[in-house]
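Student: Counting from 1, one number per residue, gives the positions in the sequence shown under the UniProt record's numbering.
Quick reminder that beta carbons are idealized off the backbone N, C-alpha and C, glycines included.
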Amino acid sequence: MKRDKKEEEAGGNPFFNLEKSSVLQDARTFNETPVNAKKCCFILTKIMYILNQGEPLGKTEATEAFFAMTKLFQSKDTTLRRLVYLCIKLMADIADDVIIVTSSLTKDMTGKEDQFRAPAIRALCRITDGSMLQSIERYMKQAIVDKDPSVSSAALASALHLAQQNNDVVKRWVNEAQEAVNSDNIMVQYHALGLLYHIRKSDKLAVTKMVSKFTRHTLKSPYAFCQLIRISCKLLEDDDLGCEGPLYEFIEGCLRHKSEMVIYEAAHAIVNLKKTSTKELGPAISVLQLFCGSSKPTLRFAAVRTLNKVAMKHPAAVTTCNVDLENLITDSNRSIATLAITTLLKIGNESSVDRLMKQISSFMSEIPDEFKVVVVQAIRSLCLKFPRKHSLLMSFLSGMLREEGGFEYKKAIVESIVSIIEENFEAKEAGLAHLCEFIEDCEHTVLATKILHLLGQEGPRTPQPFKYIRFIYNRVILENPAVRAAAVTALAKFGAQCEQLLPSIIVLLERSQFDTDDEVRDRATFYLNILKENQKGLNLSYIINGLQVSIKGLETALHHYTLEPSKEPFDLKTVPLDTKLVTQQNLAKDGTVSNKEKQLAAVPQLANLGPLFKSSLLPLELTEAETEYVVRCIKHTFPHHIVFQFDCTNTLNDQILENVTVHMENTEGFEVIRCVPIPSLPYGKPATTYTLVQLPEDPLIVSTTFSCTMKFLVKDCDPHTGEPDEEGYKDEYVLEDVDLALSDHTQKVIKPNFSVSWDEIGEGNELEDTYALSSVKTVEGAVRNIMDFLGLQACERSDKVPEGKNAHTLLLAGIFRGGHDVLVRAKLALSDGVNMQMTVRSTDANVSQIIASAIS
């Protein structure tokens, strides 16, 4: 007979569209006498299905069903009883008074029916709490050493779960666990070893003795061997021993074990040890190489996955497996084939790239998108490794773009091409050409706008910028409003930077003023009016660089401006910068500055300081983590003040601190105005005190060091109740010094076109000097140190020093406190140390002086 259409849609699932209410109503069947075992089994299965599907069961509903289910202990049906045990485990945390079945489970646990004993132990331990555990302790000890392996294994596994909350009780079962380790059953031996380790893991000496004992006396269980290998690895890592000593010899000896599982575990352990060198990897790599040719897919997969990970750190060690990995490219299991090809891409040399690409070509059409993404990422890494092969690899990626595929797959390819363009200047034109072809047929708005943004950034600086205009304007004619708006912005960037294209761009933007979408029309009108002014400063501020402020911060600042009308025009320099524009390592969420500003504004003593310019992203630790008081400092920079935020924690449970402040000594020009105290600092509850410092009148003084002392009133208290004594005594605690550096006065910003920004500021406030950085031995080190010290953002990827280069130019941009632009061009050359010629330009003469003199 033909199945009903609804049944086909349900995939033959008998529980499809199961209703909780009807199932709970069916549970009343449990109260019937005699018990209908077959019918009750089906209802229990439905209940477990509902619970495992995540359907919430109310406490009352669960309790009623649970109490009805207890009637089923009258039945001796084996299947029904085992289902009851499973349901008890599932409902243990939902229903009330589940301990009512304790006596029934204890009876089954100690009974003669072996099929009931093991599952009864698991269910009993699931509902047992610390107060009841001692009453069943005797039975658990007996079960651990029971002759029936299933009973012993169930007791050991349950003991592991019980030890999470009742470790002191379970520790008393150590003798029984030691006896169980000698069992002939492989699972009992494995669980017993696991329990022994858990009991002793806090005692390093005991664990070492245990491992030493079992490495000498051969275990029969391969699972136990794997467990022992993992414990040995942890000991090696904790003691920082590396590849030496009896523990490592044991692991290496397991490479010759008769069980394939143990051999793989040993090889996996060796390659993952932190201090393993390429030479010491040899035996493990040889084993994995043999597994690559195994007839078992699981072994082939395990081997190639491990080799793939090794290739990231030790590619040279994996090169001996090239032939074996190439054979796996045609493996019927596509997961294995994907891992094989990505491993080859990681370990391949420049001469083998062409051959690998040919092999991949036939392979790519046979795998799903998620595997293709992995291959694309490997190709991206290969292109960064061998930049001279960019033409071949980007052509291959471009071909993949033209094939069928989902959004994630296309996104991975586009991001790979963009990354290659950013890292390799020679690949820019070819990469942009490939992306231009892609957006002609791109179905994904997100990718089209991303590519248009890139074209607007990079296209104007290519030798022939005019060839991209056709592709961009086609988007204005053919695409949806979001893409059309992005295309208009890209056209404006060409007009702002390419004088020869400006008349054509103006014509195209004038056409866009008749667009049906208001966003596109507004953008076209805005850019058109700026371009017609033909002023570099306007182009730089409103088209090339754009607004680099926090949107939430701008909204807040405008709102405050409207609430308090002023004769002064609104100053954009008072708006916090958009911290999303900085590099990944300093990334912060949009609005973070605004949130901190609100937090500080809530303190009355810190009101009216002006807009918050910058807050340090990482707190400065002023005490050791183990000391009685823990203090961390965050610096907040305002136009004329610095607020030091001290987050304090009292780690003494017999003391309460009151009137807590951090006193900072005045230094030259810096004046401490006030401290905002913490009224009460009880044990374990962090609180914050603030110290307000006024900056010097001399604008050239920006850095100093403050000595800090925490002062407070101590009141002893009862550790249990927290009630303090009436009388207290004054005390103080010396903290680490706090440095105020140049980077606390600067904020990073990105200048997409550094040369245009450089020319715009001009030579008016330019300073140039030469420096010898004798303490730095590499150009890369000099770049890192200069960026950290000045607190400025590297532009045009100038923080990347080409390998082997002894000379480099670093371009830096930022904003100095008060809203002054600052640009730095540092020419570095390696000699005895690093010599640097640094040129500084700023919109303020004092800022140029501060930056130039700070290095010296």
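What is the residue span of the alpha helix (DSSP H) that His453 lies within?
Tutor: That run of the alpha helix (DSSP H) goes Thr445 to Glu458.
Student: So, are the CB atoms of Ile367 and Leu345 less than 9 Å apart?
Tutor: No, they are not a contact pair.
Student: Shortest alpha-carbon distance to Ile47 belongs to which of Pro34, Pro222, Glu61 and Phe363?
Tutor: Cα-wise, what sits closest to Ile47 is Glu61.
Student: Pull up the distance between the alpha-carbon of Asp844 and that of Val414, whole angstroms please.
Tutor: If you take the alpha carbons of Asp844 and Val414, they lie about 41 Å apart.
Student: Could you tell me whether any Cβ in chain D is nearer than 9 Å to the Cβ of Val84?
Tutor: Annotation note: the requested chain D is absent from the structure, which comprises a single protein chain.
Student: Could you tell me which residues DSSP pairs with Gly833 in its beta bridges?
Tutor: DSSP lists Ser831 as partners of Gly833.
Student: In whole angstroms, give me the CA-to-CA distance for Cys87 and Ala284.
Tutor: Whole-angstrom Cα-Cα distance: 45 Å.
Student: Please list the terminal residues of the continuous beta strand (DSSP E) segment that includes Ile678.
Tutor: Its beta strand (DSSP E) spans residues Ile678 to Leu681.
Student: Would you give the residue range spanned by the beta strand (DSSP E) that Thr809 belongs to?
Tutor: Here the beta strand (DSSP E) through Thr809 covers Ala807 to Phe816.
Student: Hey, how far is the Cα of Asn480 from the Cα of Thr320?
Tutor: C-alpha separation (whole angstroms): 53 Å.
Student: Compute the beta-carbon to beta-carbon distance between Ile855 and Tyr771, rounded to the nearest angstrom, for a pair I have assumed lies under 8 Å.
Tutor: Between Tyr771 and Ile855 the Cβ distance is about 5 Å, and since that is below 8 Å, they are a contact.
Student: Just mark Tyr527 as buried or exposed, buried being the case when its beta carbon has 16 or more other beta carbons within 10 Å.
Tutor: It counts as buried.
Student: State the Cα-Cα distance for the pair Phe67 and Thr78, rounded to the nearest angstrom.
Tutor: Cα to Cα, Phe67 sits roughly 20 Å from Thr78.
Student: Is it right to say Glu697 is buried, meaning 16 or more other beta carbons lie within 10 angstroms of its own, or is it exposed?
Tutor: Counting Cβ neighbours within 10 Å, Glu697 comes out exposed, since fewer than 16 surround it.
Student: For residue 858, does the count of other Cβ atoms within 10 angstroms reach 16, so buried, or fall short, so exposed?
Tutor: Outside the shown range of the chain, which is 1 to 856, sits residue 858, and nothing can be said about it.
Student: Which residues in the same chain as Glu137 place their Cβ atom closer than 7 Å to its Cβ, once the five residues preceding and following it in sequence are excluded?
Tutor: Around Glu137: Val169.
Student: Let me check understanding here. Comparing Cα to Cα, which of Gly819, Asn349, Leu812 and Leu695 lies closest to Lys827?
Tutor: When each option's Cα is compared against that of Lys827, the closest is Leu812.
Student: Ignore the nearest five residues each way along the sequence and tell me which others in residue 877's own chain have a CB closer than 7 Å to its CB.
Tutor: Any property of residue 877 remains undetermined from this structure, which presents the chain solely from 1 to 856.
Student: So, at 8 Å on beta carbons, what are the nonlocal neighbours of Leu735 in its own chain, with the 5 sequence-adjacent residues on each side left out?
Tutor: Counting only Cβ-Cβ distances below 8 Å, and skipping sequence neighbours, we find Leu622, Thr623, Val631, Val662, Cys708, Thr709 and Met710.
Student: Could you tell me how far apart the beta carbons of Leu617 and Tyr690 are, in whole angstroms, since I believe they sit closer than 8 Å?
Tutor: Actually they are not in contact, since the Cβ atoms of Leu617 and Tyr690 sit about 18 Å apart, beyond 8 Å.
Student: Straight-line CA distance for Leu288 to Thr330?
Tutor: Near 18 Å, if we compare the C-alpha coordinates of Thr330 and Leu288.
Student: Considering only the alpha carbon of each residue, which of Val181, Arg117, Asp129 and Asp184 lies closest to His154?
Tutor: Going by the sequence as given, residue 154 is Ala instead of His. Ranking Val181, Arg117, Asp129 and Asp184 by Cα distance to Ala154 puts Arg117 first.
Student: For the alpha helix (DSSP H) holding Ile855, just list the boundary residues, first then last.
Tutor: Start and end: Ala845 to Ile855.
Student: What distance in whole Å lies between the Cβ atoms of Leu695 and His640, which are believed to be in contact at a cut-off of 8 Å?
Tutor: Confirmed, about 5 Å.
Student: With a threshold of 7 Å on Cβ separation, who are the neighbours of Glu370 within its own chain once the five nearest residues in sequence on each side are excluded?
Tutor: Excluding sequence neighbours, Glu370 sits near nothing in its chain.
Student: As an exercise, report each continuous alpha helix (DSSP H) stretch of at least 4 residues that is fully enclosed by the region 456 to 501, in chain order.
Tutor: 469 to 478 and 481 to 497, all fully within the region 456 to 501.
Student: For Ser848, which residues from the same chain have a beta carbon less than 6 Å from its beta carbon, with the 5 sequence-adjacent residues on both sides left out?
Tutor: Asn765, Leu767, Val840 and Ser842, listed in sequence order.
Student: If I measure Cβ to Cβ from Gly814 and keep anything under 7 Å in the same chain, skipping five residues before and after, which residues do I get?
Tutor: Around Gly814: Thr746, Gln747, Lys748, Val749, Gly791, Leu792, Gln793 and Val822.
Student: Nearest-angstrom Cα distance between Pro682 and Val672?
Tutor: For Pro682 and Val672, the distance between alpha carbons rounds to 27 Å.
Student: With DSSP run on the structure shown, which of helix, strand or coil describes Ala772?
Tutor: Looking at Ala772 - three-state DSSP - the assignment turns out to be strand.
Student: Does Ala807 pass the burial test, meaning 16 or more other C-beta atoms within 10 Å, or should it be called exposed?
Tutor: It is exposed - the Cβ of Ala807 has fewer than 16 other Cβ atoms within 10 Å.
Student: Shorter than 8 Å, the distance from the beta carbon of Leu558 to the closest heavy atom of the ligand SAM, or not?
Tutor: Summarising the ligand content, the structure contains no ligands, and the ligand SAM is consequently not present.
Student: Can you pull the DSSP bridge partners for Gln655?
Tutor: Beta-bridge pairing links Gln655 to Asp716.
Student: For the 8 Å Cβ check, are there 3 or more pairs between the region 350 to 357 and the region 303 to 312?
Tutor: No: fewer than three Cβ pairs fall under 8 Å.
Student: Could you give the C-beta distance for Val211 and Leu247, rounded to a whole number, given that I count them as a contact under 8 Å?
Tutor: With 8 Å as the limit, Val211 and Leu247 qualify as a contact, their Cβ atoms being about 7 Å apart.
Student: Taking all protein chains shown into account, do 16 or more other C-beta atoms lie within 10 angstroms of the C-beta of Ser332, making it buried, or fewer, making it exposed?
Tutor: The residue is exposed, with fewer than 16 neighbouring Cβ atoms inside 10 Å.
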